[in-house]
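Undergrad:
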Amino acid sequence: MKNTQSKYVKWLIGLIYIVLLAVGVPWYWSSDDKTIWFGFPAWAMVAIIVSFILSCLTAWLLQRSWSEIPEESDNR
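Sequential numbering from 136 applies to the sequence shown in my numbering.
(1) For the putative contact between I188 and L156, defined by C-beta atoms under 8 Å, what is the C-beta separation to the nearest angstrom?
(2) Have a look at S166 and G149 and give me their C-alpha separation to the nearest angstrom.
(3) Assign W195 to buried or exposed, taking buried as 16 or more other Cβ atoms, counted over all protein chains shown, within 10 Å of its Cβ.
(4) In the structure shown, what three-state DSSP assignment does W172 receive?
(5) Out of V160, R199 and W164, point me to the one whose CA is closest to I183's CA.
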C-alpha cells in the first residue's frame, strides 16, 4: 500500500510542477494586454508569484525528504 501511495504522491508532485510551470510561463498572454498589478505587467506578477510558489514547494519537498531518518542496513 505504501508503495502505491508513494507512486501516487510522486505523480501528483510532478503534475503540480507541470501545471505551475505552464501557468508561470507567459506564452498565453496577449501582447495587447496592458493590465498593471502593483506597477508591473500582470504577466510578470503571475510569473513572480508562480516562481515563489515553486521555490517554496521545492524547499518543502527537499526538507521533508532529507529530514527522514535513513533505514539501517546490515550489508557487511
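Built from N, CA and C at the ideal position, the CB exists for glycine as well.
TA: Once the coordinates are examined:
(1) With 8 Å as the limit, I188 and L156 do not qualify as a contact, their Cβ atoms being about 11 Å apart.
(2) 30 Å
(3) exposed
(4) strand
(5) V160
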